[in-house]
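Chemist: Quick note, the sequences are listed as chains A and B, same order.
For the first sequence, my numbering assigns the number 3 to the initial residue and increments by one for each residue that follows.
For the second sequence, my numbering assigns the number 3 to the initial residue and increments by one for each residue that follows.
C-beta atoms are modelled at their ideal positions from N, C-alpha and C, and glycine is treated no differently.
Pasting in a structure now, in structure tokens, and then I'll have a few things to ask.
There are 2 protein chains.
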Amino acid sequence: MQRPPPLPTEGELRLLRVLWDRGPSTVREVHAVLGATGESGYTTVLKLLQIMHGKGLVIRDETSRTHVYAAAVPPETTQRQLVTDLIERAFGGSAHNLVMQALSPQVASREDLDRIRALIDGLERREAEGTER
Amino acid sequence: MQRPPPLPTEGELRLLRVLWDRGPSTVREVHAVLGATGESGYTTVLKLLQIMHGKGLVIRDETSRTHVYAAAVPPETTQRQLVTDLIERAFGGSAHNLVMQALSPQVASREDLDRIRALIDGLERREAEGTER
DNA sequence: TTCCCTCCACGAAGCCTTTCGTATATGATG
DNA sequence: CATCATATACGAAAGGCTTCGTGGAGGGAA
């Protein structure tokens, strides 16, 4: 039995996002993507991926000499954990309070609000149907 | 001119929540609240409050010998910063993606969903009126 | 005044995260 | 086989967070 991986740190999350975007990747590939933006040494990326492997945040294929890393869990799972954690730490455990802040115009763009409304519409419709039957 | 205070760390947020709940408080009072739950040494709380004062996260009244600490910013401001930060780090900058995760049943309770729907209803109504005129 | 209790200030230790330099192994090339 | 480029592994340093021990100052009680 294996416990779920811990929450990723700041830097780990940066790498995870690359792996989620690209799918399984070598260290060099991940480094190339990051080099475009934040700049990080090659061995730094390598070390971090090794640590993440130790934590169970990523899995890797070692059959070829150049290992291929992949995220161990889908983005939704990690994102849900992060949201849950933030709700717990900063919003007294209430998802409602968090959403309220997320909907403030300083945070959500016009497009965000439109899409969120559509989301809620769908949610309400599905629930209404469920209630009728 | 003074820059806004940085994002609070985990431990700092714990103390901030006490100050937001209680209003201005002495070290001893904050410590008493935390002692009920997480258990933290008195000097630990003191030291952390001092650091937070240095960072501008809290203000303090030093007129009496026992200083009185208060949060420097209202909870909404910090919460908005935290949400924005998380959206940036984990959701590719899209508030919509975050709200989607927050609305998942594993995160939001039935009460949360009800209240969020009411929130959206109000938001839509206000916007509809604005559109008509 | 003297004693004692409470409070703040300071410093240091332990831990984690992040970064990178260096050493070692592997495979291709001549 | 010797050489070179590239990959991984290892270790250490720097910085930040959290914790607490100790020292010294202040104010009330005897």
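Would you mind telling me which residues of chain B sit closer than 8 Å to residue 88/A, beta carbon to beta carbon, in chain order?
Modeler: Taking the first residue of the first sequence as 1, we reach residue 88/A at position 86. What residue 88/A touches in chain B: 84, 85 and 88.
Chemist: Leaving out five residues on either side along the sequence, give the residues of the same chain with a beta carbon under 7 Å from the beta carbon of residue 95/B.
Modeler: Against the second sequence, residue 95/B aligns to sequence position 93. Here the set comprises 89.
Chemist: Are the Cβ atoms of residue 115/B and residue 54/B separated by less than 8 Å?
Modeler: For this step, residue 115/B is matched to residue 113 along the second sequence. For this step, residue 54/B is matched to residue 52 along the second sequence. Result no, Cβ atoms of residue 115/B and residue 54/B do not sit closer than 8 Å.
Chemist: Per the DSSP calculation, residue 118/A is bridged to which residue(s)?
Modeler: By 1-based counting over the first sequence, the position of residue 118/A is 116. DSSP, once it has assigned bridges, lists no residue as partnering residue 118/A.
Chemist: What's the gap between the Cα of residue 5/A and the Cα of residue 58/A?
Modeler: The residue labelled residue 5/A in the question sits at position 3 within the first sequence. The residue labelled residue 58/A in the question sits at position 56 within the first sequence. Between residue 5/A and residue 58/A, the C-alpha separation is close to 9 Å.
Chemist: Considering only DSSP beta bridges, list what residue 1/A is partnered with.
Modeler: Limits of chain A in this structure are 3 at one end and 135 at the other, which puts residue 1/A out of reach.
Chemist: Do the stretch 8-24 of chain B and the stretch 70-86 of chain B meet, that is, are 3 or more Cβ pairs less than 8 Å apart?
Modeler: Because the criterion of three Cβ pairs below 8 Å is met, the stretch 8-24 of chain B and the stretch 70-86 of chain B touch.
Chemist: Can you confirm whether residue 47/A, when its beta carbon is compared against all beta carbons of chain B, has any partner nearer than 8 Å?
Modeler: Counting from 1 along the first sequence, the entry for residue 47/A is found at position 45. It does not; no Cβ of chain B falls within 8 Å.
Chemist: When we look at the beta-carbon of residue 14/A and count the other beta-carbons within 10 Å, is it buried (16 or more) or exposed?
Modeler: Along the first sequence, one-based indexing puts residue 14/A at 12. By the neighbour-count rule (16 or more Cβ atoms within 10 Å), residue 14/A is buried.
Chemist: For residue 45/A, does the three-state DSSP call read helix, strand or coil?
Modeler: Indexing the first sequence from 1 puts residue 45/A at position 43. The answer is helix: DSSP assigns residue 45/A an H, G or I state.
Chemist: According to the neighbour-count rule (16 or more other Cβ atoms, all chains shown, within 10 Å of its Cβ), is residue 92/A buried or exposed?
Modeler: On the first sequence, position 90 is the one that residue 92/A refers to. Residue 92/A is buried by the Cβ-count criterion.
Chemist: Under a three-way DSSP split, which group does residue 129/B fall into?
Modeler: Here residue 129/B is taken as the residue at index 127 of the second sequence, counted from 1. It is helical.
Chemist: Rounded to the nearest angstrom, what separates residue 47/A and residue 81/A at their Cα positions?
Modeler: Reading the first sequence from its first residue, position 45 is the one you call residue 47/A. Reading the first sequence from its first residue, position 79 is the one you call residue 81/A. Cα to Cα, residue 47/A sits roughly 22 Å from residue 81/A.
Chemist: Given this structure, state the Cα-to-Cα distance separating residue 98/B from residue 45/B, to the nearest angstrom.
Modeler: Position 96 of the second sequence, counted from the first residue, corresponds to residue 98/B. Position 43 of the second sequence, counted from the first residue, corresponds to residue 45/B. Distance between the alpha carbons of residue 98/B and residue 45/B: 42 Å.
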